[in-house]
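Undergrad: The structure follows.
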Amino acid sequence: MDLSAILIDWLPFLVTGIIATLGLVLSALGVGFIIGLPAAIGQVYGSRPVAFLINVYIWFFRGLPLLVLLFLFYFGIFPAIGLGDVSPFVVGALVLGLHGGAYQAEIFRGAILSIDEGQMTAARSLGMSRTQAIRHIVLPQALLIALPGWSNEYPTVLTDTSVCYAIGVAELLTRASVIVSTEYIAMPIYLACAGLYLILNYAGMKALHLLERRVSVPGFESGSNWT
Amino acid sequence: MDQIAFIVEILLPALWGGFVVTLGLIACTAPFGVLIGAAVAVGRVYGNRPVQYLCRAYVTFFKGCPLLLLLFILYFGLPSVGISLSPFVAAVLGFIFCNSAYDSEYIRGSIRSIKEGQFTAGLALGMSRAQVIRHVILPQAMRRSIPGLVNEFVYLIKYSSLAYMITVIELTGAGKMVATRYFTYNETFFVVGLVYLFLVTLTTIGAHLLERRVSLPS
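Heads up: the protein sequence lines correspond to chains A and B, in order.
Residue numbers for the first sequence, in the numbering used here: 491 to 717.
Residue numbers for the second sequence, in the numbering used here: 68 to 285.
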């Protein structure tokens, strides 16, 4: 059987893998956002102990290799707390999210710190509470500033998802490896797989650039000093 | 079994061999990563059209291709075209490709940040283009890239664990073997993680010292 016939044969199998990979990326970015944004707020505005705890979280999840985190959670922590039969996909998405959340927290923290402190003072003097000022004054600007940095998380997370191969998530790389070991042809399959990752990378970045243009506020250039 | 006894008597001795392999992987990768990264960056900024194009393709491919897939290509794929590499060599090659692609981005950024007038001034003093790049631009650009390169070094420490997936028994691999044999995943990977944290933290401290050591007055 020649190569193109093999590829066409396996196409649905690969497409399911692409969907799983994108699912991992989206849930990882989502979980990372849900953890990263509050973590950044806590670091900047929280009390000493809160900021300290968040720093420990970031230090831990940025310092450990993703592979070790996956092994620790999938073989260690999850079975130990009685969740041994949770699917590898869920563990993978959660670990990628916790890992990405530590990086996202740094992105959001930088953005929050780039907002002039006078804005907080001004909001307070207008009678807003701290929470209101954070919610209505600081965050809308900080998120806009954070967006380009946040977009760069996408290609990183996309390539990171492939590590979930190690705990048996049936994503793109796992499925490509299955084809390789079934059909005994390695190079073309792996290169096709690399091509798919490059396409996913390019398409995602294009989509994020569109989003950046869509939400940009005229006169408020992200990254510029807004005083 | 007592956990402390397990960690001291079984786990740590078993991890030592893997730790040495991990250090070997890092030591074999980092210098070449920086050298090739610098070459690719210079090619992208000062090369002619085809060179620029090639260097850009290099960076796009190795940044976009997941490292694990790259390792599979080098270790499982290459034998089908007649090249067989040992797992260690395949891992180091993959790390060098990946590391150099990211390093080149940092170095390219700092080359661009050097004022163009310096290049003109170098040429006006009778230096050749290569001499200007070698003696005027790069010494400054490399210093400015240090924070980025250190960042990439920290990533290298962490992704060196992927070598285990192509059967190199480094730190993570050694841990996996102990964990599977004694069924102690929590203790083992926690300790393995602490070793990586130690390496990463040590690097960050070392980087501050290095930066101060090579910084120029003014």
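For glycine and all other residues, C-beta sits at the position ideal for the given N, C-alpha and C.
How about F100/B and I163/B: are their beta carbons less than 8 Å apart?
TA: The residue you call residue 100/B lines up with position 33 of the second sequence. The residue you call residue 163/B lines up with position 96 of the second sequence. It is Gly, not Phe, that sits at residue 100/B in the sequence shown. Yes, the Cβ-Cβ distance between G100/B and I163/B is below 8 Å.
Undergrad: Could you check the C-alpha separation between F542/A and I272/B for me, to the nearest Å?
TA: Position 52 of the first sequence, counted from the first residue, corresponds to residue 542/A. Position 205 of the second sequence, counted from the first residue, corresponds to residue 272/B. When rounded, the distance between both Cα atoms is 19 Å.
Undergrad: Step through the CB atoms of chain B and report whether any lies within less than 8 Å of the CB of F565/A.
TA: Here residue 565/A is taken as the residue at index 75 of the first sequence, counted from 1. The beta-carbon of F565/A is placed less than 8 Å from the nearest beta-carbon of chain B.
Undergrad: So, for V203/B: in the same chain, excluding its five sequence neighbours on each side, which residues have a beta-carbon less than 6 Å away from its beta-carbon?
TA: Here residue 203/B refers to the residue found at position 136 when the second sequence is read from its first residue. Answer for V203/B: Q185, G189, listed in chain order.
Undergrad: Hey, is N166/B's beta-carbon within less than 8 Å of any beta-carbon in chain A?
TA: Numbered from 1 along the second sequence, position 99 holds the residue referred to as residue 166/B. It does not: the Cβ of N166/B has no partner Cβ on chain A nearer than 8 Å.
Undergrad: So, is P578/A buried or exposed, given that buried needs 16 or more other C-beta atoms within 10 angstroms?
TA: The residue you call residue 578/A lines up with position 88 of the first sequence. Buried.
Undergrad: For chain A, find out if any of its Cβ atoms is closer than 8 Å to the Cβ of A246/B; answer yes or no.
TA: Here residue 246/B is taken as the residue at index 179 of the second sequence, counted from 1. Judged by the 8 Å Cβ criterion, A246/B is in contact with chain A.
Undergrad: May I have a chain-ordered list of the beta strand (DSSP E) segments no shorter than 3 residues that lie completely inside the region 172-226 of chain B?
TA: With a minimum length of 3 residues, no continuous beta strand (DSSP E) run stays inside the region 172-226 of chain B.
Undergrad: To which residues of the same chain is G513/A closer than 8 Å at the C-beta, ignoring the five residues directly before and after it?
TA: Numbered from its first residue, the first sequence carries residue 513/A at position 23. Excluding the 5 residues flanking it on each side, G513/A has same chain C-beta neighbours closer than 8 Å at F579, A583, in chain order.
Undergrad: Within 10 angstroms of the Cβ of L504/A, are there 16 or more other Cβ atoms? Answer buried if so, exposed if not.
TA: Taking the first residue of the first sequence as position 1, residue 504/A is located at position 14. Using a 10 angstroms sphere on the CB of L504/A, the tally of other CB atoms reaches 16 or more, which defines it as buried.
Undergrad: Determine the burial state of E160/B: buried for a count of at least 16 other Cβ atoms within 10 Å of its Cβ, exposed for fewer.
TA: Along the second sequence, one-based indexing puts residue 160/B at 93. In the sequence on display, residue 160/B carries Leu and not Glu. That one is buried.
Undergrad: So if I threshold CB-CB distances at 9 Å, which residues from the region 137-168 of chain B count as touching chain A?
TA: Residues passing the 9 Å Cβ filter: L137, F139, I140, F143, G144, L145, P146, S147, V148.
Undergrad: For N715/A, I'd like the list of residues in its chain whose CB is within less than 7 Å of its CB, leaving aside the five on either flank, ordered along the chain.
TA: Position 225 of the first sequence, counted from the start, is the residue given in the question as residue 715/A. Model confidence at N715/A stands at a pLDDT of 47, short of 50, so the residue's coordinates are unreliable; what they give is reported in the following sentence. Cβ-Cβ distances below 7 Å link N715/A to nothing in the same chain once the five nearest sequence neighbours on each side are left out.
Undergrad: Output the boundary residues of the alpha helix (DSSP H) element that contains A641/A.
TA: In the first sequence, residue 641/A corresponds to position 151, counting from 1. Per the sequence shown, the amino acid found at residue 641/A is Ser instead of Ala. S641/A -> alpha helix (DSSP H) spans 629-641.
Undergrad: Mind checking which residues open and close the alpha helix (DSSP H) that includes T664/A?
TA: As a position in the first sequence, residue 664/A is number 174, starting the count at 1. Per DSSP, T664/A belongs to the alpha helix (DSSP H) from 662-673.
Undergrad: Using a Cβ-Cβ cut-off of 8 Å, state whether T506/A counts as contacting chain E.
TA: Protein chains in the displayed structure are A and B, and chain E is not among them.
Undergrad: Quick one: list the residues of chain A neighbouring T268/B, beta-carbon separation under 9 Å, in chain order.
TA: Sequence index remark: in the second sequence, residue 268/B carries index 201 (1-based). Residues of chain A passing the Cβ test: W549, G553.
Undergrad: Would you mind giving the Cβ-Cβ distance between L58/B and M232/B, rounded to the nearest angstrom? I have them listed as a contact below 8 Å.
TA: Beyond the ends of chain B as shown, which are 68 and 285, falls residue 58/B; an answer cannot be given.
Undergrad: Roughly how many angstroms separate the alpha carbons of A106/B and R201/B, rounded to a whole number?
TA: Within the second sequence, the letter at position 39 stands for residue 106/B. Within the second sequence, the letter at position 134 stands for residue 201/B. Computed Cα separation, rounded: 11 Å.
Undergrad: Any C-beta of chain A within less than 7 Å: which residues of the region 69-80 of chain B qualify?
TA: none
Undergrad: Would you say G176/B reaches chain A, if we count a Cβ-Cβ gap shorter than 8 Å as a contact?
TA: Indexing the second sequence from 1 puts residue 176/B at position 109. With 8 Å as the cut-off, G176/B does not count as an interface residue toward chain A.
Undergrad: Bridge partners of V707/A, per DSSP?
TA: Locating residue 707/A in the first sequence gives position 217, counting from the first residue. F710/A, per the DSSP bridge assignment.
Undergrad: Compare the Cα-Cα distances from I689/A to each of S151/B, F128/B, F86/B, A94/B and report the closest residue.
TA: By one-based count along the first sequence, residue 689/A stands at place 199. When only C-alpha atoms are compared, the closest one is F128/B.
Undergrad: So, with DSSP's three-state summary, where would you put D69/B?
TA: Translated into the one-based positions of the second sequence, residue 69/B becomes position 2. Of the three classes helix, strand and coil, the one that applies to D69/B here is coil, per DSSP.
Undergrad: Out of R703/A, V668/A, I597/A, P569/A, which one is the CA nearest neighbour of W500/A?
TA: The count along the first sequence starts at 1 and reaches residue 500/A at position 10. Looking at the Cα atoms, V668/A is the closest of the given residues.
Undergrad: What is the DSSP secondary structure of I236/B, reduced to helix, strand or coil?
TA: To locate residue 236/B, count along the second sequence from 1; it is residue 169. In the structure shown, I236/B sits in coil (DSSP, three-state: anything other than H, G, I, E or B).
Undergrad: For the alpha helix (DSSP H) that contains S615/A, what are its first and last residues?
TA: Within the first sequence, residue 615/A is the residue found at index 125, counting from 1. 607-615 is the extent of the alpha helix (DSSP H) around S615/A.
Undergrad: Whole angstroms is fine: what's the gap from F256/B's alpha carbon to I103/B's?
TA: The sequence position of residue 256/B within the second sequence is 189, counting from 1. The sequence position of residue 103/B within the second sequence is 36, counting from 1. Looking at the two C-alpha atoms, the distance is approximately 34 Å.
Undergrad: Thinking C-beta only, is Y687/A closer than 8 Å to G144/B?
TA: Position 77 of the second sequence, counted from the start, is the residue given in the question as residue 144/B. Position 197 of the first sequence, counted from the start, is the residue given in the question as residue 687/A. Taking 8 Å as the Cβ cut-off, G144/B and Y687/A do not qualify as a contacting pair.
Undergrad: Taking one C-beta from the region 569-576 of chain A and one from the region 546-556 of chain A each time, how about it: are there three or more such pairs within less than 8 Å?
TA: no
Undergrad: With 16 as the cutoff for other CB atoms within 10 Å, does L557/A come out buried or exposed?
TA: Residue numbering aside, residue 557/A sits at position 67 when the first sequence is read from its first letter. L557/A comes out buried.
Undergrad: Looking at C-beta atoms only, is the number of pairs between the region 667-681 of chain A and the region 634-654 of chain A that lie closer than 8 Å three or more?
TA: no
Undergrad: From V540/A, S517/A, C654/A, A495/A, pick the residue whose C-alpha is nearest to that of Y644/A; which is it?
TA: Position 154 of the first sequence, counted from the first residue, corresponds to residue 644/A. Of the listed residues, the one whose Cα sits closest to Y644/A is S517/A.
Undergrad: Going by DSSP in three states, C132/B sits in which element: helix, strand or coil?
TA: Counting from 1 along the second sequence, the entry for residue 132/B is found at position 65. The answer is coil: DSSP assigns C132/B none of H, G, I, E or B.
Undergrad: Once you ignore the five residues that flank E219/B on each side, which residues in its own chain have a CB closer than 8 Å to its CB?
TA: As a position in the second sequence, residue 219/B is number 152, starting the count at 1. Scanning its chain for C-beta atoms nearer than 8 Å, with the 5 sequence neighbours on each side dropped, one finds around E219/B the residues G100, N166, Y169, D170, Y173, in chain order.
Undergrad: Relative to the alpha-carbon of F155/B, which residue among F73/B, V88/B, G149/B has its alpha-carbon at the smallest distance?
TA: Indexing the second sequence from 1 puts residue 155/B at position 88. Considering only alpha carbons, the answer is V88/B.
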